[in-house]
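Q: Below: one structure in structure tokens.
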Amino acid sequence: MKRDSAKELYSDYLTGDLDDALKVSVENHLAEDTDSRTEVDAMRRVWTQLDAMPRVDTPAYFHENIMSRLDAELARETEQSAARTAVWDWRTLFRPRQLAVAATLLIVLLGSVEAIQSQHAALGPLGTIYRWLRPATTVMPAITPRLEWKQNTTTGGTLVVSMQGVSETQPVHYRVMITGMTKDTGKVQRVLGTGEGILAASEEAVVELPLAEKPTVQNNNLVITFSSIDTPNAGAGLRVLPVSLQPLTSDAAR
Amino acid sequence: MPINPEEQILIDRCKTGDRSAFDVLIRSYEKRVYNLAYRLSGSYDEANDISIDAFLRVFQAVRLFRGDANFSTWLFRIVTNVYLDRRKRTRNKQHLSLEEYIELEENSVSRQIEDTAPTPDLVVEGHERQDILQKAIALLPDYQRTMIVLYHTEGLSYEEIAEVLDLRIGTVKSRLNRARLSLREKLDPVKELFP
Chain A
114 MKRDSAKELY SDYLTGDLDD ALKVSVENHL AEDTDSRTEV DAMRRVWTQL DAMPRVDTPA
174 YFHENIMSRL DAELARETEQ SAARTAVWDW RTLFRPRQLA VAATLLIVLL GSVEAIQSQH
234 AALGPLGTIY RWLRPATTVM PAITPRLEWK QNTTTGGTLV VSMQGVSETQ PVHYRVMITG
294 MTKDTGKVQR VLGTGEGILA ASEEAVVELP LAEKPTVQNN NLVITFSSID TPNAGAGLRV
354 LPVSLQPLTS DAAR
Chain B
563 MPINPEEQIL IDRCKTGDRS AFDVLIRSYE KRVYNLAYRL SGSYDEANDI SIDAFLRVFQ
623 AVRLFRGDAN FSTWLFRIVT NVYLDRRKRT RNKQHLSLEE YIELEENSVS RQIEDTAPTP
683 DLVVEGHERQ DILQKAIALL PDYQRTMIVL YHTEGLSYEE IAEVLDLRIG TVKSRLNRAR
743 LSLREKLDPV KELFP
């Protein structure tokens, strides 16, 4: 085997990815060629050092800097969008013919939608298309969760989330996710637990989330996220509720 | 590898423009992103800028994320692209001279090509060896540097690197081999530091 051909195989040789025949060829070459052997040894040493390169810490306020840049970007986009809308409004106001046509179309459209709403079941394929274009939405109920921490006798415990729907007539199959900070992760926000259940009007639903330790709740850092499972595209399918310290009745239920 | 359900929920919320979901998502990846950016650029300041730019791009483009690949792979592709874009913009401004030296505390080691032998009794601690290694990585061409960093410091597999760089696995393997050989050559003048 020539030196250049052997060179092409060094990585696979060091990772053990060569088949037996090629491996023997490379080893024969290394046994005969001192320079190649030296090169492979050096490559192996550098490789070891590469794999041992340490992680560097992020600078102070790194996360805050990212979020503030994001906020600035969002604000800039909002301004640009508002400016574009303003230009559109101004031109439209001075084009009464176009405005009149648009208004007529809107009235016809709204009337059609109302007619279809009451009859779309009888429209056959058109009704299917209508339902596809405008799926029925389920609005998530307004939820006021109560949290209770039940400490285990050994380690960890259970975070009990109780909630009650107040304005929903249809039961909602929902998922609940708790994100927050714990002692073991320091400042890192992470998902603490998830659960799911059925929520109907005037009924209290309870989800129990087993956790390794009692969540630390400071500055509303515990967040409960509800999402509807049956209608994930529902208009108000997501609710994010920051939870303050007070609802966490901690050790009272021990 | 499928995306875990919690991450999928966060991504879905990000797609609706949910800032708080993005906040949580960033926290779980910011350290890896910063490390990747640092190992690619070799500069803490530049790593900071690359990371922020990358996360902004992620927020703007997350609606386009279809879940075909891992979110982390998709994210690393964005970080790598941000780095390469910045390199393209600054390439003409940078001009490394062969006369430049990597400064050590009491000695200087030539960057490459020059045949200056290292001082035999040079003693460096582990972090100084890592420093030299980082500087040698910075001397590699962009495509070789990216290969080395993704494989060795980020621990990506050949398949994941192929996804990040949009290359075939065979190309990844051959380029990675050349990158390792090239890196070894650059470290040849200071090979005593890598016993």
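Those protein sequences? They're chains A and B, same order as listed.
Just add 113 to the spot in the first sequence (first one is 1) and you have the numbering used here.
Just add 562 to the spot in the second sequence (first one is 1) and you have the numbering used here.
Idealized CB from N, CA, C, for every residue including glycine.
As the structure is a prediction and not an experimental result, all values here were calculated from the model.
1. List the whole-angstrom C-beta distance separating Ile-694(B) from Leu-745(B), where the pair is believed to meet the contact cut-off of C-beta under 8 Å.
2. If we ignore side chains and look at the alpha-carbon of each, how far apart do Asp-615(B) and Arg-601(B) end up?
3. Report the residue from Lys-748(B), Pro-751(B), Gly-717(B), Leu-729(B) whose alpha carbon sits nearest the alpha carbon of Tyr-705(B).
4. Please report the distance separating the alpha-carbon of Tyr-126(A) from that of Arg-158(A).
5. Evaluate the contact criterion for the region 168 to 184 of chain A versus the region 570 to 589 of chain B: three or more CB pairs, one atom per stretch, below 8 Å.
6. Identify, in the order they occur along the chain, each residue of the same chain with its Cβ nearer than 7 Å to the Cβ of Leu-738(B), setting aside the five sequence neighbours on each side.
7. Exposed or buried, Leu-218(A), counting other C-beta atoms within 10 Å across all chains shown (16 or more means buried)?
8. Where does Glu-661(B) sit, in a helix, a strand or coil, going by DSSP?
9. Three or more C-beta pairs under 8 Å: does that hold for the region 720 to 727 of chain B against the region 632 to 649 of chain B?
10. Is the shortest distance between the beta-carbon of Phe-621(B) and the beta-carbons of chain A less than 9 Å?
11. So what does Pro-323(A) bridge to, in DSSP terms?
12. Find the residues of chain B that neighbour Asn-178(A), judging by a C-beta separation of less than 8 Å, and give them in chain order.
13. Could you pull out every unbroken beta strand (DSSP E) segment of at least 3 residues lying fully inside the region 121 to 202 of chain A, listed in chain order?
14. By the criterion of Cβ-Cβ separation under 8 Å, what are the contact partners of Gln-162(A) in chain B?
15. Between which residues of its own chain and Leu-646(B) is the CB-CB distance below 7 Å, once the five residues before and five after are set aside?
16. Quick one: Cα of Asn-606(B) to Cα of Met-180(A), how far?
17. Comparing alpha-carbon positions, which option in Asp-146(A), Met-114(A), Val-153(A), Gly-270(A) lies nearest Ala-134(A)?
18. What does a CB cutoff of less than 7 Å around Ser-138(A) pick up in its chain, not counting 5 residues either side in sequence?
19. Helix, strand or coil for Arg-259(A), going by three-state DSSP, please let me know.
20. Apply the 10 Å Cβ neighbour rule to Arg-575(B) and answer buried if 16 or more other Cβ atoms are within range, or exposed otherwise.
21. Quick one: does Met-114(A) have its CB under 9 Å from some CB of chain B?
22. With DSSP collapsed to three states, give me the class of Gly-732(B).
23. What did DSSP end up calling Met-709(B) once you bin it into helix, strand or coil?
24. Tell me which same chain residues have a C-beta within less than 6 Å of the C-beta of Thr-307(A), skipping the five on either side of it?
25. Could you pull the start and end residues of the alpha helix (DSSP H) that Lys-115(A) belongs to?
26. Comparing alpha-carbon positions, which option in Asp-117(A), Ala-144(A), Lys-327(A) lies nearest Thr-266(A)?
27. So what does Thr-307(A) bridge to, in DSSP terms?
28. Quick one: does Tyr-606(B) have its CB under 9 Å from some CB of chain A?
29. Quick check on this structure: which residue in Gln-162(A), Ala-325(A), Val-274(A) has the alpha carbon closest to the alpha carbon of Gly-310(A)?
30. My guess is that Arg-619(B) and Val-595(B) are in contact by the Cβ rule of under 8 Å, so how many angstroms apart are they, rounded?
31. In three-state DSSP terms, what is Glu-754(B)?
32. Mind checking if Val-169(A) is an interface residue toward chain B, Cβ cutoff 9 Å exclusive?
33. What three-state label does DSSP hand Glu-767(B) in the structure shown?
A: The answer reads as follows:
1. Taking the second sequence and counting its residues from 1, one reaches residue 694(B) at position 132. Taking the second sequence and counting its residues from 1, one reaches residue 745(B) at position 183. Between Leu-745(B) and Ile-694(B) the Cβ distance is about 11 Å, and since that is not below 8 Å, they are no contact.
2. Position 53 of the second sequence holds residue 615(B). Position 39 of the second sequence holds residue 601(B). Straight-line Cα distance between these residues: approximately 16 Å.
3. Sequence index remark: in the second sequence, residue 705(B) carries index 143 (1-based). When only C-alpha atoms are compared, the closest one is Leu-729(B).
4. Mapped onto the first sequence, residue 126(A) falls at position 13. Mapped onto the first sequence, residue 158(A) falls at position 45. Near 14 Å, if we compare the C-alpha coordinates of Arg-158(A) and Tyr-126(A).
5. yes
6. Here residue 738(B) corresponds to residue number 176 of the second sequence, with the count starting at 1. Once the five neighbours on either side are set aside, the close Cβ partners of Leu-738(B) are Met-709, Tyr-713.
7. Position 105 of the first sequence, counting from 1, holds the residue named residue 218(A). By the 10 Å Cβ count, Leu-218(A) comes out exposed.
8. As a working mapping, residue 661(B) is identified with position 99 in the second sequence. Bear in mind that the predicted position of Glu-661(B) carries a pLDDT of just 36, short of 50, making it too unreliable to give a figure here.
9. yes
10. Locating residue 621(B) in the second sequence gives position 59, counting from the first residue. Interface residue, yes.
11. In the first sequence, the residue the question calls residue 323(A) occupies position 210. Note: Pro-323(A) sits in a beta bridge opposite Thr-271(A).
12. Start at 1 with the first residue of the first sequence, and residue 178(A) comes out as number 65. Neighbours of Asn-178(A) on chain B, chain order: Asn-610, Ile-614.
13. The beta strand (DSSP E) runs of length 3 or more contained entirely in the region 121 to 202 of chain A do not exist; there are none.
14. Against the first sequence, residue 162(A) aligns to sequence position 49. Simply Arg-691, Gln-692, Leu-695, Phe-756.
15. Residue 646(B) sits at position 84 when you count from the first residue of the second sequence. Once the five neighbours on either side are set aside, the close Cβ partners of Leu-646(B) are Asp-704.
16. Translated into the one-based positions of the second sequence, residue 606(B) becomes position 44. Translated into the one-based positions of the first sequence, residue 180(A) becomes position 67. The sequence given here places Tyr at residue 606(B); Asn does not occur at that position. Computed Cα separation, rounded: 19 Å.
17. Sequence index remark: in the first sequence, residue 134(A) carries index 21 (1-based). Nearest option by C-alpha distance: Met-114(A).
18. Within the first sequence, residue 138(A) is the residue found at index 25, counting from 1. Met-114.
19. Residue mapping note: residue 259(A) aligns to position 146 of the first sequence, counting from 1. Strand, per DSSP.
20. As a working mapping, residue 575(B) is identified with position 13 in the second sequence. With 16 or more other Cβ atoms within 10 Å, it is buried.
21. If you number the first sequence from 1, residue 114(A) lands on position 1. For Met-114(A), no CB of chain B lies under 9 Å from its own CB, so it is not counted at the interface with that chain.
22. Reading the second sequence from its first residue, position 170 is the one you call residue 732(B). Residue state, collapsed to three classes: helix.
23. For the purposes of this step, residue 709(B) is identified with residue 147 of the second sequence, where counting begins at 1. Judged by DSSP in its simplified three-state form, Met-709(B) adopts helix.
24. Here residue 307(A) corresponds to residue number 194 of the first sequence, with the count starting at 1. Answer for Thr-307(A): Met-290, listed in chain order.
25. Counted from its first residue, the first sequence places residue 115(A) at position 2. Neither: Lys-115(A) is in no alpha helix (DSSP H) and is coded neither H nor E.
26. Here residue 266(A) corresponds to residue number 153 of the first sequence, with the count starting at 1. Measuring from the Cα of Thr-266(A), the nearest candidate turns out to be Lys-327(A).
27. In the first sequence, residue 307(A) corresponds to position 194, counting from 1. Partner(s): Met-290(A).
28. Stepping through the second sequence from its first residue, residue 606(B) is reached at position 44. Yes, because at least one Cβ of chain A sits closer than 9 Å to the Cβ of Tyr-606(B).
29. Here residue 310(A) refers to the residue found at position 197 when the first sequence is read from its first residue. With distances taken between Cα atoms, Gly-310(A) lies closest to Val-274(A).
30. The residue given as residue 619(B) occupies position 57 in the second sequence. The residue given as residue 595(B) occupies position 33 in the second sequence. Incorrect: roughly 11 Å between the Cβ atoms, too far for contact.
31. In the second sequence, counting from the first residue as 1, residue 754(B) sits at position 192. Residue state, collapsed to three classes: helix.
32. On the first sequence, position 56 is the one that residue 169(A) refers to. At least one chain B Cβ lies under 9 Å of Val-169(A).
33. Any property of residue 767(B) remains undetermined from this structure, which presents chain B solely from 563 to 757.
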